[in-house]
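Read in our numbering, the sequence shown has 89 at position 12, and its numbers run on one by one without any break.
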Amino acid sequence: MPASSDADLAHDLRLAASVAHQSLTRAVASQGVTAAEWLLLRDLHAAGAVPQTRLAERLGLTRGAVSKLVDRLVAKRLLVRGRGGGGDRRIQIIGLTGTGALLVPELAKTGAESDAALFARLSSRERAVLESALAKLAGRPPAR
């Protein structure tokens, strides 16, 4: 079988990412959030309250995209905005509400179930190869 071209591999990688994203989107929708909102909530749960600009950096999103996500999650009463210290009124600190903090473990379980169903398609060897290859592409050391 001939080797795939770089373009074919890149296409398959994007397609696989899309399948994973769609699966997660369907899974968390039952709990009233989008996949992007879930990723933001998960990050805040791990990091604690942070300035909105730092949240954008951590998530690799534009400040505008994060602002829209935060607006939606504030409207859902899952996040709160506060002012930063040091007298700079432009700095907005974003944190989870009590409701948001309670929802994160439920969303984590839902996300884990979605991920498990996705990766159940792979043998343990295929999964190990995928983990190693993705870590290399992402520029981080492989697990273990």
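The beta-carbon is built from N, C-alpha and C at its ideal position, and this holds for glycine as well.
Alpha-carbon spacing of residue i relative to residue j, whole angstroms
i, j, result
"V151", "T187", "22 Å"
"L214", "A142", "25 Å"
Selection from the options that minimises the alpha carbon distance to residue i
i, options, result
"I170", "A178, G161, T176, G177", "G161"
"A97", "A197, V143, R149", "A197"
"E114", "R204, A94, A185, A87", "A185"
"A93", "L195, L132, A189", "L195"
"L173", "D85, S81, A106, L132", "L132"
Residue i - containing alpha helix (DSSP H), residue span
i, result
"G216", "Looking at the DSSP string, G216 is not in any alpha helix (DSSP H), and its letter there is neither H nor E."
"L156", "Here L156 belongs to no alpha helix (DSSP H); instead the beta strand (DSSP E) covers 156 to 160."
Residue i - containing beta strand (DSSP E), residue span
i, result
"L199", "From DSSP, L199 is part of no beta strand (DSSP E); its letter is neither H nor E."
"I171", "169 to 173"
Alpha helix (DSSP H) runs contained entirely in the segment 85 to 153, provided each spans 4 or more residues: For the segment 85 to 153, whole alpha helix (DSSP H) runs of length 4 or above, ordered along the chain, are 112 to 124, 129 to 136, 140 to 152.
Validate contact between the segment 98 to 118 and the segment 142 to 149 using beta carbons, cut 8 Å, 3 pairs: Yes: at least three Cβ pairs fall under 8 Å.
Between the segment 115 to 122 and the segment 167 to 183, can you find at least three pairs of beta-carbon atoms closer than 8 Å? Contact check between the segment 167 to 183 and the segment 115 to 122: three or more CB pairs, one atom from each, fall below 8 Å, which counts as touching.
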